[in-house]
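Chains A, B, C and D, in that order, are what the protein sequence lines are.
Residue 201 in our numbering sits at position 201 of the first sequence, with consecutive numbering throughout.
Residue 1104 in our numbering sits at position 104 of the second sequence, with consecutive numbering throughout.
Residue 2126 in our numbering sits at position 126 of the third sequence, with consecutive numbering throughout.
Residue 3138 in our numbering sits at position 138 of the fourth sequence, with consecutive numbering throughout.
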Amino acid sequence: MKKLSAFLLSLVMVAGLLAGCGGGDKSATSDSSAPADSAASANKVVKIGVFEPQTGDNGAGGKQEILGMQYANYVQPTVEIGGETYDVQLEIVDNRTSAENGPSAAAELVNRGVSVVLGSYGSGVSMAGGAIFEEAGIPAIGVTCTNPQVTADCSVYYRICFLDPFQGTVLANYAYNELGVTTAYVLGMLGSDYDQGLVYYFTEAFEALGGTVVAESFPEGTANFVSYINNAKSAGAGVIFAPVSINYAQLIVEAADAQGFDGALLGSDTWDSNKVIESAKGKNISAYVTTFYQEGGNPEFDTGIKEWINANADAKTNNGGNDMIAAVTAMGYDAYFTALEALKAAGSTDPKAVLEALPGVSYEGVSGLIEFDDIGDAVRDSAFIKTANTETGAWDFVKVQSVE
Amino acid sequence: MTSSKKKTIFTAAVLAVLLAVCVVVDMTLPSYHIVVVVIKKATVYSLVAVSMNLLNGFTGLFSLGQAGFMLLGAYAYGVLTIPVDKRASVYQYFDGGAIQFSLPEIFSGALGDTVGTVVGMLAALLVGGILAALLAYLIGLPVLRLKSDYLAIATLGFAEILRAFFQWNTLGPITNGSNLLKSYPAFSHATPYVILAGLMIAVIVLLINSTYGRAFKAIRDDEVAAEAMGINLAHHKRLAFIISSFFAGIGGGMMAMYMGTIAAAPFKSTLTYEILLIVVIGGIGSITGSILASFLYIFSSEWLLRGLDAGKFLGISAPSVFKNGFRMVVLSVIIMIIVLFFRRGLMGDKELPDLLDRRPKKREKEAAGK
Amino acid sequence: MQAILPYVINGISVGGQYALIAIGYTLVYGILRLINFAHGDVFMVAGLVMVYATTALPMYVALPLVLIVTVILGFTIERVAYKPLRTAPRMSVMISAIGVSYLIQNLAFYITGGVPQPVTNPIPWISENVTIFGESTKRVTLVTPVLTIVLVFALVYLINHTKIGMAMRAAAKDFETAQLMGIKINAVISMTFVIGSFLAAVGAMLYFTNYPSVAITSGGMPGLKAFVAAVFGGIGSIPGAVVGAFIIGLCEEIIKGLGYTTFSDAFTFALLIVVLCVKPTGLFGEKVTDKV
Amino acid sequence: MSENVLKIENATMQFGGVVAVDNLNLEINRGEIVALIGPNGAGKTTAFNVVTGVYQPTNGAVWFQGEKIIENHPQGKMKKLYKGQHDGEYTHVLAPTPDKVTKLGMARTFQNIRLWKSQTVFDNVLIAKHCRSTSNVFSATFRLNRKEEAAQREHVAELLNTVGLYDVKDELATSLPYGKQRRLEIARALAAEPKLLLLDEPAAGMNPQETDELTAFIGEIRDKFDLTVFLIEHHMNLVMGISDRIYVLDFGKLIAEGTPAEIQNNQRVIDAYLGVADDA
């Protein structure tokens, strides 16, 4: 009996293995004929890798970013490369937000033969994947990974967003100069390089301006922020700067409301999400965020993507159930077109050619002009500041802030 | 005697073939190829799974602290190998950090670039292992007196505490706080991983077949009898715990090499659970099983079953079923089936050479008849 | 005094939530000597079901539904994953528990797509803001400890004064003898899982109304902490679990208030290890001697 | 020259209010075979557990080869509960763990056979040699102890030949028939190179023929390995046939001691065993 079961077990495993192999082969061969509509046009295919989290802490944000790319792909499914029309095919691989899964997800993209990679949402996993992309010589365009380290030590990584030092400084300036606050409470998640990086730059800038900063961290998985808000209150803070992921941002909004915190909440680009604004709706708080894009900045894009989202149930689910456009979606959209520009400029689908062409790309996207500096970072000198309108449940534009 | 000789030859042949395959893979495929990447990851997991098996499977101590020791090993490796001129940018928030040397560079000065770097990397791995072993000694003092499930939960707790310490900003000049460590040297090919992990596992196998290994197994089978036969329980349990942690530390260092960046986040209890389940799939008490299961698990979860997440698998296209997460559901169902119905796992307590035995039938019968 | 009041109020509330989960651990451990690793995930599933049910159905249908679904889940887990291993070594059962936890998380992941599911104010009344001693807080903060204590008294009554309660006590005292005495051991075990899941479901409803979303990992930390509370109070003892939970909730919030936020989780585990090493039986636990 | 191998001195073992062994005094001389008998629950195994360090006696001491190895006096809760006459006589605490006691030269078997289930017959015996090994974990792992290991293996083979289990050395221990498992346990104890061998009901579950074989066997090994044997047994044939002296326990108290013939005619013993004595 035991032997039989052992035998069956190994049979199952072997079958699984074989099935896996088969699957692997299949995807390798059948992918080239993928989009049904393009099969008719018989164009050649160029693959763009999407290296984004669909699961894990940044899953929600990653999905919204992918939406932008998918919409862009819907708007512009083909590209002229070297005089030929290519169908653009997105190869989406989930990196699960974790550095541990970064390398294999990146390798999977390389394996699928992509010409250029878009992503990721967060910095940590971008760095983990960066090493693989660098070895493979495939250019990567970071969308919203704002840590300076992403591009600093990686020859193939470029990005279209602003950086943490910039964002942190912008917010510090805004808090000190515009909101007139001298004491700030900053809160980041323990173990998140994104949070702690922004905390660092904000603190540096805010203290340089003459303000006082009280900094604390919360462990991952914290669900109750009441005590943190109380700490901010007892520190006499006029603002709480919490550059945290969407889920925690919602919790902080709730807790600030419940504890009657009367200062302002400051958020980074992660806060610019319809989920956060939903939480803020009807609450007695004030919140300001910096972001890459302001809805209404490009009406054509807005209406187009809203229509597309509303017509597409999956997309709507991924967007959190409504058609509000997150900045990361706009950034994903821009990243896609930047990649197309690079492909056009390269005149080839060879990653090496694309890599050479990428630094020279200049593209006017919905989030502004995209150009790269020597390191591969976007040349951006201003950010949008928005505030949460707790009555209408929307982000209201405040101003464009740049660092002087 | 001849049968044992035959077994040795068989084992050596299998290992040689595997190594040859790995070398061929390395020579024909670029280092960023998915096959190379999954071999690297599976190799690291094998080492950690075997180290966990040494403790949980061979000594019968149910510890869930593996991720913590890996964390220590990973950080030790990163901290000691980041080139000095890269430290300013890695430790960007901590003025370049407190440690201003790099083992590979030190050894490069003495031994030449290539050899020196490799020696430095190995030395850093070793330091990681030793630190993990030291910590295991300290933790073991209070914790190893606890009985099965209490031990499990206490070691789990220690791993969590350790994680908080490594993310603590005050230790930032060394650990870089919550920020990543990166830019350290790593092997890009799979063969060095396989050789390194292979050597470590070989040492574990030697240990298990030594008089100490037999004592560990005696403790697992019957603590009371073991103690009555002169085996010092405290001493031997501590020994097993320290040795297991040492190899987990080295495994952590290799994990760091594989990941390219080090943060405390991946070393959560989930990682320990994953490794524990791998050990169970392979068979508690079988080194071969742990290795086999590591490869099966990593290959399927990272590569072969990806189709289950992407809408298309085995040529069947069903995007509504094969969507994100389905791969892990399938895997965890398989794991549960193994846990419930095939408790002995793939290999039971058999090893590679035992596959040559022509007598498993007889033993099975006897086991059933008892 | 005024300064620590909000921390205390919040600590008591958090403690109440832990208590509801901790009872599930302590009951199961008392009888099966099993750390039910999946209990935290049952809690999470209850939260998810609440999210889905309250968006689709009116509240008076949705909330009982949450309780029923959670109870069925707890019952099923026991029948499928633990019952077949009744005679297996303890390590196997624990591995099975970890496997179940892994499976539930992955399933939840698959169903939710890995995205935290937003909680949209399912029970409006208890999410309203109220003012107590001049401090603003949510009503749920006050409701939680009260409800917890009411439920605990009900449970203690059940255990001390009903037939099934007596059977549970007998099984906890001596599993085998109870079986020999004709107690339907499987029914008793199922009952403990049902009670544990029920309380976890109540806990989940209170816990998640406070929070904007249920993520698949939401159950992990509260689960672990509740377990620590159960050990702290003396595993197997219901009053112990409740007292332990309130103490841990309070300590945690006070530690945050003192500014050691980095270590608020680590503290819980440190406490666990100290308790295990110094007084493994916890505050109220009975000493169990191993037979040689 | 100490002829006295084991001396139990005023040993009391109390579990809460229950006194399992009450002020036990007993001596065993070198080369003797001494039996400890008594009805079920008389405290025989508890006495063994005290001697081998499994339990710490509530009060009293144990001497081995002229050296005091175990000593304890009532402490903590026991202070109130203990009402023995030797209170205050013992002031030190000597509480070696069982492995230390074994290393001193005592080895035991168990009433309910405790072999290492997943190990072969050969390995079961070999593991018991571990406590006599001088190699450390490093030298053992890297096989720097080949000589010692070879000697150990040779000794184990010899032992297995002696007990007649060499031909089944590669079987799993648990696959052996009952009687052989008993023998294996004795072989395992012998591998630890004891001076004093403690046998806890070695004939339990054996048929008369097996019991007779065992009786002869115990005598054989006593002579061959120069042993002193201390045994607990219910099979009176065995006990009477082999013992030099017998101690009788009832409700934790020593009620008689003497040669087999003396014990057989002791009225108190007969009373204690009434209805039980003929189960052998």
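The C-beta atom is built at its ideal place from N, Cα and C for all residues, glycine as well.
Query raised in the report: DSSP on Ala326 of chain A, reduced to helix/strand/coil?
Result: Residue numbering aside, residue 326 of chain A sits at position 326 when the first sequence is read from its first letter. Coil.
**Report entry** Delimiting residues of the alpha helix (DSSP H) encompassing Ile3186 of chain D
**Finding:** For the purposes of this step, residue 3186 of chain D is taken as residue 186 along the fourth sequence, with counting starting at 1. From DSSP, the alpha helix (DSSP H) with Ile3186 of chain D extends over 3178-3191.
Requested in this report: In angstroms with no decimal places, state the Cα-to-Cα distance between Tyr1137 of chain B and Gly1157 of chain B.
Outcome: Position 137 of the second sequence, counted from the first residue, corresponds to residue 1137 of chain B. Position 157 of the second sequence, counted from the first residue, corresponds to residue 1157 of chain B. The C-alpha of Tyr1137 of chain B lies about 16 angstroms from the C-alpha of Gly1157 of chain B.
Query raised in the report: What do you reckon, are the CB atoms on Val2066 of chain C and Ala2053 of chain C nearer than 8 angstroms?
Result: Taking the first residue of the third sequence as position 1, residue 2066 of chain C is located at position 66. Taking the first residue of the third sequence as position 1, residue 2053 of chain C is located at position 53. A distance below 8 angstroms separates the beta carbons of Val2066 of chain C and Ala2053 of chain C.
Query raised in the report: Would a C-beta distance cut-off of 8 angstroms place His3130 of chain D and Thr1211 of chain B closer than the cut-off?
Result: Indexing the fourth sequence from 1 puts residue 3130 of chain D at position 130. Indexing the second sequence from 1 puts residue 1211 of chain B at position 211. At a Cβ-Cβ threshold of 8 angstroms, His3130 of chain D and Thr1211 of chain B count as neighbours.
Query raised in the report: Who pairs with Ile48 of chain A in a beta bridge, going by DSSP?
Result: To locate residue 48 of chain A, count along the first sequence from 1; it is residue 48. Answer is A:Leu90, A:Val116.
Report task. Could you check which residue in A:Ala42, A:Thr338, A:Leu369 has the C-alpha nearest to that of Leu358 of chain A? Result -> Along the first sequence, read from residue 1 onward, the residue named residue 358 of chain A stands at position 358. Ranking the options by Cα distance to Leu358 of chain A, first place goes to A:Thr338.
Query raised in the report: Is the Cβ of Val150 of chain A closer than 8 angstroms to any Cβ of chain C?
Result: Within the first sequence, the letter at position 150 stands for residue 150 of chain A. It does not; no Cβ of chain C falls within 8 angstroms.
Query raised in the report: With Val1036 of chain B and Leu1047 of chain B assumed to form a contact (beta carbons below 8 angstroms), what rounded beta-carbon distance in angstroms separates them?
Result: Residue numbering aside, residue 1036 of chain B sits at position 36 when the second sequence is read from its first letter. Residue numbering aside, residue 1047 of chain B sits at position 47 when the second sequence is read from its first letter. In fact, because the Cβ distance is near 17 angstroms, the residues do not count as touching under 8 angstroms.
Query raised in the report: Are any of the Cβ atoms in chain B nearer than 8 angstroms to that of Cys21 of chain A?
Result: One-based indexing of the first sequence puts residue 21 of chain A at position 21. Bear in mind that the predicted position of Cys21 of chain A carries a pLDDT of just 39, short of 50, making it unreliable; the figure below should be weighed with that in mind. Cβ-Cβ to chain B under 8 angstroms: yes for Cys21 of chain A.
Query raised in the report: Would Ile1287 of chain B count as contacting chain A if we go by Cβ distances under 8 angstroms?
Result: On the second sequence, residue 1287 of chain B is found 287 positions in, with the first residue counted as 1. With 8 angstroms as the cut-off, Ile1287 of chain B does not count as an interface residue toward chain A.
Query raised in the report: On the premise that Val2188 of chain C lies in contact with Ala2171 of chain C, defined as a C-beta separation below 8 angstroms, what is that separation, rounded to the nearest angstrom?
Result: Position 171 of the third sequence holds residue 2171 of chain C. Position 188 of the third sequence holds residue 2188 of chain C. Ala2171 of chain C to Val2188 of chain C, Cβ: 5 angstroms. Contact.
Query raised in the report: Quick one: does Ile1130 of chain B have its CB under 8 angstroms from some CB of chain D?
Result: Here the question's residue 1130 of chain B lines up with position 130 in the second sequence. No, no contact with chain D.
Query raised in the report: With DSSP run on the structure shown, which of helix, strand or coil describes Ile2248 of chain C?
Result: On the third sequence, position 248 is the one that residue 2248 of chain C refers to. Correct three-state label for Ile2248 of chain C: helix.
Query raised in the report: Under a CB-based cut-off of 8 angstroms, is Glu2078 of chain C close to chain A?
Result: Here residue 2078 of chain C is taken as the residue at index 78 of the third sequence, counted from 1. So no, Glu2078 of chain C is outside the interface.
Query raised in the report: Run through DSSP, which three-state label would Gln2117 of chain C get?
Result: Your numbering for residue 2117 of chain C matches position 117 in the third sequence. DSSP places Gln2117 of chain C in the strand class (E or B) of the three-state scheme.
Query raised in the report: Where does Tyr1390 of chain B fall in DSSP's three states?
Result: No answer is possible for residue 1390 of chain B: the residues shown for chain B start at 1001 and end at 1370.
Report task. Give, in chain order, every unbroken run of the alpha helix (DSSP H) that is at least 4 residues long and sits entirely within the stretch 252-292 of chain A. Result -> Secondary structure in the stretch 252-292 of chain A: the alpha helix (DSSP H) runs of 4 residues or longer, each lying completely within the stretch, are 274-280 in chain order.
Query raised in the report: Residues of chain D with CB under 7 angstroms from Ala1197 of chain B, in chain order?
Result: Working through the second sequence from its first residue, we reach residue 1197 of chain B at position 197. Ordered by position in chain D, no residue passes the 7 angstroms Cβ test against Ala1197 of chain B, which lies about 17 angstroms from the chain.
Query raised in the report: Which chain C residues sit within Cβ distance under 7 angstroms of Pro219 of chain A?
Result: Indexing the first sequence from 1 puts residue 219 of chain A at position 219. The answer, in chain order, is Ser2264, Asp2265.
Requested in this report: Kindly indicate if chain C contains any beta-carbon less than 8 angstroms away from that of Ser279 of chain A.
Outcome: Looking up residue 279 of chain A in the first sequence gives position 279. Yes, contact with chain C.
Query raised in the report: By the criterion of Cβ-Cβ separation under 9 angstroms, what are the contact partners of Val1024 of chain B in chain D?
Result: In the second sequence, counting from the first residue as 1, residue 1024 of chain B sits at position 24. Among the residues of chain D, none has a CB under 9 angstroms from the CB of Val1024 of chain B; the nearest is roughly 31 angstroms distant.
**Report entry** Lys281 of chain A and Gly393 of chain A closer than 8 angstroms at C-beta
**Finding:** Position 281 of the first sequence, counted from the first residue, corresponds to residue 281 of chain A. Position 393 of the first sequence, counted from the first residue, corresponds to residue 393 of chain A. Remark: C-beta atoms of Lys281 of chain A and Gly393 of chain A approach each other more closely than 8 angstroms.
Query raised in the report: Smallest Cα separation from Phe2075 of chain C: which of C:Gly2196, C:Leu2258, C:Val2274?
Result: By one-based count along the third sequence, residue 2075 of chain C stands at place 75. Minimum Cα distance to Phe2075 of chain C is reached at C:Gly2196.
Report task. Whole angstroms is fine: what's the gap from Phe2109 of chain C's alpha carbon to Ala128 of chain A's? Result -> As a first step, residue 2109 of chain C must be located in the third sequence, where it is residue number 109. As a first step, residue 128 of chain A must be located in the first sequence, where it is residue number 128. In a straight line, the C-alpha of Phe2109 of chain C is about 23 angstroms away from that of Ala128 of chain A.
Query - Ala258 of chain A versus Tyr2207 of chain C - alpha carbon distance - result: If you number the first sequence from 1, residue 258 of chain A lands on position 258. If you number the third sequence from 1, residue 2207 of chain C lands on position 207. The C-alpha of Tyr2207 of chain C is placed about 15 angstroms away from the C-alpha of Ala258 of chain A.
Requested in this report: Tell me whether the beta-carbon of Ala249 of chain A lies closer than 8 angstroms to the beta-carbon of Leu67 of chain A.
Outcome: Walking along the first sequence from the start, residue 249 of chain A turns up at place 249. Walking along the first sequence from the start, residue 67 of chain A turns up at place 67. Contact check for Ala249 of chain A against Leu67 of chain A fails: the beta carbons are separated by 8 angstroms or more.
Query raised in the report: Using the beta-carbon of each residue, which ones in chain A are nearer than 8 angstroms to Met2050 of chain C?
Result: Residue mapping note: residue 2050 of chain C aligns to position 50 of the third sequence, counting from 1. The contact set of Met2050 of chain C on chain A, defined by CB atoms closer than 8 angstroms, is empty, because the minimum CB distance reaches about 15 angstroms.
Requested in this report: Mind listing the chain A neighbours of Asn1209 of chain B? Cutoff is C-beta to C-beta under 8 angstroms, in chain order.
Outcome: Within the second sequence, the letter at position 209 stands for residue 1209 of chain B. Those within 8 angstroms of Asn1209 of chain B in chain A number zero; the least Cβ separation is about 24 angstroms.
Query raised in the report: Between Glu3154 of chain D and Leu3172 of chain D, what straight-line distance do the alpha-carbon atoms span, to the nearest angstrom?
Result: Taking the first residue of the fourth sequence as position 1, residue 3154 of chain D is located at position 154. Taking the first residue of the fourth sequence as position 1, residue 3172 of chain D is located at position 172. Straight-line measurement puts the Cα of Leu3172 of chain D at about 20 angstroms from the Cα of Glu3154 of chain D.
Query raised in the report: How would you write the range of the beta strand (DSSP E) that Ile3069 of chain D sits in, first residue to last?
Result: In the fourth sequence, the residue the question calls residue 3069 of chain D occupies position 69. 3067-3072 is the extent of the beta strand (DSSP E) around Ile3069 of chain D.
Report task. Mind listing, in chain order, the continuous alpha helix (DSSP H) runs of no fewer than 4 residues lying wholly within the stretch 1203-1288 of chain B? Result -> Runs of the alpha helix (DSSP H) inside the stretch 1203-1288 of chain B: 1211-1221, 1223-1228, 1233-1259, 1269-1282.
**Report entry** Cβ pair Ala342 of chain A, Val354 of chain A closer than 8 angstroms
**Finding:** As a position in the first sequence, residue 342 of chain A is number 342, starting the count at 1. As a position in the first sequence, residue 354 of chain A is number 354, starting the count at 1. Yes. Within cutoff.
Query raised in the report: By Cβ distance, which residues of its chain are closer than 6 angstroms to Thr29 of chain A, with the 5 residues on each side in sequence left out?
Result: Taking the first sequence and counting its residues from 1, one reaches residue 29 of chain A at position 29. Because the pLDDT at Thr29 of chain A is just 34, under 50, the model does not fix this residue reliably, and the value given afterwards should be weighed accordingly. Setting aside the 5 residues that flank it on each side, Thr29 of chain A has no residue in the same chain whose C-beta is closer than 6 angstroms to its C-beta.
Query - From D:Ile3232, D:Gly3258, D:Gly3252, D:Arg3268, residue whose alpha carbon lies closest to that of Thr3012 of chain D - result: By one-based count along the fourth sequence, residue 3012 of chain D stands at place 12. Out of D:Ile3232, D:Gly3258, D:Gly3252, D:Arg3268, the CA that lies nearest to the CA of Thr3012 of chain D is found in D:Gly3252.
Query raised in the report: Between Ile3028 of chain D and Val3005 of chain D, what straight-line distance do the alpha-carbon atoms span, to the nearest angstrom?
Result: Here residue 3028 of chain D is taken as the residue at index 28 of the fourth sequence, counted from 1. Here residue 3005 of chain D is taken as the residue at index 5 of the fourth sequence, counted from 1. Answer to the nearest angstrom: the Cα atoms are 6 angstroms apart.
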